[in-house]
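Report on the structure given below.
In our numbering, the protein residues as written are -5 to 700.
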């Protein structure tokens, strides 16, 4: 209703948000790939077709870039020790130390993702005269992934090594490969595909299976070539506990050295030149960018884990505080220690109305049906074009006055009614709200305490037959009313809803009436009352039935205004942070609570949803289902507790899972839109909700309408 000159709502941020969420998902997915690096050895498929005999019966070094395979073996008494799955910050240095003590050299088939994590180890490997080969970027089974994924696995590993060392690798050992005789047809094809990008395949003559930790003697036996033959020996320096491998090396190297064996790299063993070649500047730059991307993705994943943990802790803490305060509030209001004197002073009810033809007659009738001895109703028609004022006048009800004014907005209409009111106790009511017979009486009883300046009633959703109405009903009961009990106990009530609130006339006059410079005039007014030193309390028994938005479009408009207006009010009253008394309690209790739970956490919700999608891709579904069910049970408990406090039925609880999938997203997107609107400096205009008259159906229904 308030008039504001507004530019069109900003929209470019939605594209930026989608782009940001896509980048976040891509980064998390990349992190999921590189952190789920496996280990081990052995054939990936025991039932796969065999490789061509030229490859399986030849040597372990396979060059497959020609029409026929070329296989090479190690000369007699020459051992090429090879280590897979590294580099590992714990075991690779120990392996290197043993090799250095025994003046031996070896070939390390590194996992690209681990190269990015520990580039200094790769540089040490080369500096000490060893050789480096590729073991793919994420230890992927090249026979099980798509060809494009296989190409990326090899290219990324080359880039990672180039960025860390300035050299590119050409040797390749496919993960889950073993000795040449166990080479399968799919593995052979994967090696042929890799040969097209300049890779030379390296299998093994001796597989120690040290990843199974069979014991040091067994590893030594498996690594020892028979009868003075040469061999490529498969071992591991990463992917798990490699203490047995290190101990076996300490025994194997001196023993075979005494028997006349030499330990060399694969390339040196077959008389080939160094397998690593100088990397181009582009390859080094690509490798550096890849390492930064991996580090950034890991940082993002860690930040998301921290965010999720903080959000969970805050959510549980919020629930604990709400339940504790609700119990205190219930004991206070339902079992008062001292009986308060009954308040029967005259009350003026002010109803600002703009195009409220659907409900205004029901609203006025419900007010006049109140079981209260001295009541006047003032309807302020704010320039309606649907005959709202005429409808009230035709009712010809005693005790009802109609005041007409040109359209000036809801705050102006309320202030007009305040000036015209005759009573010292004022009740402000929206034109779509229906009272129960005892609502006014219950609402004003708190004024028996002279320190109370304003009282919030209990707003309930009238149109809850449809799914959207049920969701809002749960939100009102769980969020709004649980929060109000907590605010009452903590003495920092930030909002008396426009649908039902009672004020002392002197309080409203002292704070300058209803403010018009924010779109949440009810929140702004309540904060002004608190900062003026008055108490604001909650009366659960003063029930008002209001018509909630019946479409997502109307819901969006309403909540957009609420959220934007609340932020305006928070900024306007930010100086309460440094005040004493009631204003200080608002500033140090109410404002931080609103900032965290109504702005900051909803702003992070899109990222949390992306993290959940990431979990579906990379985490065990059983764990996700268990976590989701746990959170849902916690929310169900909260909802059931809130419904019981409000004496409501538990039927709507079945809509909670759907609420998490649709309604929650709408609410946090509203916050995103509101924050962007505030940041760019737009002024949001008042957008009125279209009424359907469902609240009017509750006249005379009383509590049974629940």
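Where is the CB? At the ideal position from N, CA and C, for every residue including glycine.
For residue 127, the residue or residues it bridges with in DSSP: 103
Residue range of the beta strand (DSSP E) that residue 497 falls in? 495 to 498
Distance CB(residue 65)-CB(residue 137) smaller than 8 Å: no
Mind checking which residues open and close the alpha helix (DSSP H) that includes residue 117? 113 to 121
State yes or no: is the C-beta of residue 756 within less than 8 Å of the C-beta of residue 24? The structure shown does not extend to residue 756, since the chain is modelled only from -5 through 700, so no value can be given for it.
Mind pulling the alpha helix (DSSP H) runs of 4 or more residues that sit fully within the region 324 to 395? 354 to 362, 382 to 389
Let me know if residue 36 comes out buried or exposed under the rule of 16 or more other beta-carbons within 10 Å of its beta-carbon. Residue placement at residue 36 is poorly supported in this model, since its pLDDT is 48, which falls under 50; the coordinates still yield a value, given next. Burial call: exposed.
Restricting to Cα atoms, I'd like to know which of 392, 540, 156, 267 is closest to residue 275. 156
Is it buried or exposed, residue 515, if we count other Cβ atoms within 10 angstroms and call 16 or more buried? buried
Where residue 292 sits in the DSSP three-state scheme: helix
Nearest-angstrom Cα separation, counted from residue 178 out to residue 170: Rounded to the nearest angstrom, the two C-alpha atoms are 11 Å apart.
Identify, in the order they occur along the chain, each residue of the same chain with its Cβ nearer than 6 Å to the Cβ of residue 38, setting aside the five sequence neighbours on each side. The predicted model places residue 38 with a pLDDT of 47, which falls under 50 and marks its position as unreliable, so this point remains unresolved.
Residue 585 and residue 570 look like a contact to me (Cβ under 8 Å); what is the Cβ gap, rounded to whole Å? Right, their Cβ atoms sit about 7 Å apart.
According to DSSP, what are the bridge partners of residue 230? 78
Same chain, Cβ closer than 6 Å to residue 658, neighbours up to 5 away in sequence not counted: none
With distance defined between alpha-carbon atoms, name the residue in 28, 205, 381, 484 nearest to residue 576. 484
Kindly indicate which three-state DSSP category residue 472 falls into: helix, strand or coil? Three-state result, residue 472: helix.
Three CB pairs or more closer than 8 Å across the region 446 to 461 and the region 529 to 536: yes
The beta strand (DSSP E) with residue 454 in it runs from where to where? 446 to 455
Below 8 Å, how does it come out for the region 75 to 95 and the region 231 to 251: are there three or more Cβ pairs, yes or no? Cβ pair count under 8 Å is three or more, so yes.
Report the residue from 319, 406, 405, 411 whose alpha carbon sits nearest the alpha carbon of residue 397. If we check each option's Cα against that of residue 397, 411 comes out closest.
Can at least three beta-carbon pairs, one atom from the region 54 to 68 and one from the region 216 to 228, be found at a separation below 8 Å? Contact holds: three or more Cβ-Cβ distances are below 8 Å.
Determine the contact status of residue 76 and residue 115, defining contact as a CB-CB distance below 8 Å. no
Alpha carbon to alpha carbon, how far is residue 29 from residue 150? 15 Å
Can you grab the Cα-Cα spacing for the pair residue 283 / residue 289, in whole Å? Cα to Cα, residue 283 sits roughly 10 Å from residue 289.
Candidates 579, 272, 26, 674: closest to residue 291 by CA position: 26
Cβ atoms of residue 539 and residue 454: under 8 Å apart, would you say? yes
Could you spell out the range, first to last residue, of the beta strand (DSSP E) harbouring residue 547? No beta strand (DSSP E) holds residue 547; the alpha helix (DSSP H) holding it covers 546 to 566.
Exposure label - residue 204; buried when at least 16 CB within 10 Å: buried
Just to confirm the assignment, what range does the alpha helix (DSSP H) spanning residue 536 have? Note, residue 536: premise wrong, no alpha helix (DSSP H); beta strand (DSSP E) at 529 to 540.
Please classify residue 142: is it buried, with 16 or more other beta-carbons within 10 angstroms of its beta-carbon, or exposed? exposed
For residue 701 and residue 227, which I take to be in contact (beta-carbon distance under 8 Å), what is that distance rounded to the nearest angstrom? A query on residue 701 cannot be resolved here, the shown segment of the chain reaching from -5 to 700 and no further.
Length of the line joining the Cα atoms of residue 235 and residue 128: Going by the C-alpha atoms only, they are around 21 Å apart.
Kindly indicate if chain B contains any beta-carbon less than 8 Å away from that of residue 99. No chain B appears in this structure, which consists of one protein chain only.
Cutting at 8 Å between CB atoms, please list the residues of its own chain near residue 318, excluding the five before and the five after it. none
Between which two residues does the alpha helix (DSSP H) containing residue 177 stretch? From DSSP, residue 177 is part of no alpha helix (DSSP H); its letter is neither H nor E.
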